[in-house]
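What follows is one structure encoded as C-alpha cells, with my remarks underneath.
In the working numbering, the protein residues as written are 115 to 204.
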C-alpha cells in the first residue's frame with residue numbers, strides 16, 4: 115500500500131497486534147489488528163487519489179491484496195463509528 119501512498123491502513127498492523135487468549139487457554143500472538151473508522155475513511159480517500167497507472171504498476175497479487183484492504187475499509191467508512199477488526203490464521 116505504501117507504493118500507492120496509502121498509509122492510513124496496512125496489513126502489517128495485524129502482524130504486530132494484540133495477544134488474544136481464547137477458551138481453553140489457547141493464545142494466538144501477533145494475529146489481531148484493528149483499523150479505526152477514521153483510518154478507513156482516510157485510506158479510501160488515499161486510494162481514490164491514486165491513478166490507474168499506479169495501480170497497474172503493482173504486482174497483480176499485491177494489487178489484489180490492496181483491493182481487499184480497500185474493500186474492507188470502504189465498507190467501514192460508509193458506517194460512522196465502524197472500523198475493521200481482523201484475525202490472521204496461519
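We treat Cβ as the ideally placed atom computed from N, Cα and C, and that holds for glycine. Since the model is a prediction, treat every value here as computed from it, not as a measurement.
| Item | Value |
| --- | --- |
| Could you pull the DSSP bridge partners for residue 147 from this structure? | 200 |
| Going by C-alpha to C-alpha distance, which of 199, 170, 154, 163 sits closest to residue 188? | 154 |
| Would DSSP call residue 122 helix, strand or coil? | coil |
| With burial defined as no fewer than 16 other Cβ atoms inside 10 Å of the residue's Cβ, what is the status of residue 161: buried or exposed? | buried |
| Quick one, which of 172, 124, 169 has its alpha-carbon nearest residue 146's? | 124 |
| Which of the three DSSP states, helix, strand or coil, is assigned to residue 174? | helix |
| Suppose the cutoff is 7 angstroms on Cβ atoms and the five residues either side in sequence are ignored; what does the same chain contact list for residue 196 look like? | 151, 190 |
| Could you tell me whether the Cβ atoms of residue 88 and residue 156 are closer together than 8 angstroms? | Here the chain covers residues 115 to 204 and nothing more, so residue 88 does not appear. |
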